[in-house]
Amino acid sequence: MRIALIMSMTLLAASSLTGCASNKGPATAPASPEAQEHCNADAVQARVGQMAEPDQLDSIRQQASAKLLRVIKPGDAVTMDYNITRLNLEVDEAGVIKKASCG
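Spelled out as structure tokens, the structure:
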């Protein structure tokens, strides 16, 4: 009885680990159009040193081909999630863009 219990627990543990295995085979479905979109921070590096004017933010986002824009001010709490479609603009206290990056 004890051996059967140990074997059952071993099988359960092994079967739960198979979900962690990576599938290196070809994808079965094409990537969605959203997965192919991404941000290009290089396209807006000339904006570093300029003011992040509210009426220019959408233009900056479009210039970077980003779906989303996040303006990060000193002391702002930000999530650590990486989003390939998001442009991050880090600004100083005066609103001057100090860094443009994707994620």
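Throughout the sequence shown, residue numbering follows mature numbering (1 follows the signal peptide of the UniProt record, and there is no 0), covering -21 to -1, 1 to 82 in sequence. By construction, the Cβ of each residue, glycine as well, lies at the ideal position given by its N, Cα and C atoms.
The region 19 to 29 in contact with the region 50 to 62 per 3-pair CB rule at 8 Å = no
ask   = Does the Cβ of E16 have 16 or more other Cβ atoms within 10 Å, making it buried, or fewer, making it exposed?
value = Along the sequence shown, read from residue 1 onward, the residue named residue 16 stands at position 37. So E16 ends up on the exposed side.
ask   = Under a Cβ-count criterion, where at least 16 other Cβ atoms within 10 Å of its own Cβ denotes burial, should E72 be classed as buried or exposed?
value = If you number the sequence shown from 1, residue 72 lands on position 93. E72 should be labelled exposed.
key: Local Cβ density within 10 Å of A45, reported as buried at 16 or more and exposed below that   = For the purposes of this step, residue 45 is taken as residue 66 along the sequence shown, with counting starting at 1. By the neighbour-count rule (16 or more Cβ atoms within 10 Å), A45 is buried.
task = Quick one: using the 10 Å Cβ neighbour count with 16 as the cut-off for buried, is E32 buried or exposed?
result = Taking the first residue of the sequence shown as 1, we reach residue 32 at position 53. E32 is exposed by the Cβ-count criterion.
Separation of M30 from A56, as counted between CA atoms = Residue 56 sits at position 77 when you count from the first residue of the sequence shown. Residue 30 sits at position 51 when you count from the first residue of the sequence shown. Each residue's Cα considered, the two are about 21 Å apart.
request  = Tell me whether P12 is buried or exposed, calling it buried when 16 or more other Cβ atoms sit within 10 Å of its Cβ.
outcome  = Indexing the sequence shown from 1 puts residue 12 at position 33. The predicted position of P12 is uncertain, since its pLDDT is 49 and thus under 50; a value taken from the coordinates is nonetheless stated next. By the neighbour-count rule (16 or more Cβ atoms within 10 Å), P12 is not buried but exposed.
DSSP-derived helix/strand/coil call for S38 = Residue mapping note: residue 38 aligns to position 59 of the sequence shown, counting from 1. Here S38 sits in helix by DSSP.
task = Determine the contact status of C18 and L66, defining contact as a CB-CB distance below 9 Å.
result = On the sequence shown, residue 18 is found 39 positions in, with the first residue counted as 1. On the sequence shown, residue 66 is found 87 positions in, with the first residue counted as 1. Cβ distance < 9 Å, so C18 and L66 count as in contact.
inquiry  = Helix, strand or coil for V23? Go by DSSP, reduced to three states.
reply    = For the purposes of this step, residue 23 is taken as residue 44 along the sequence shown, with counting starting at 1. Correct three-state label for V23: helix.
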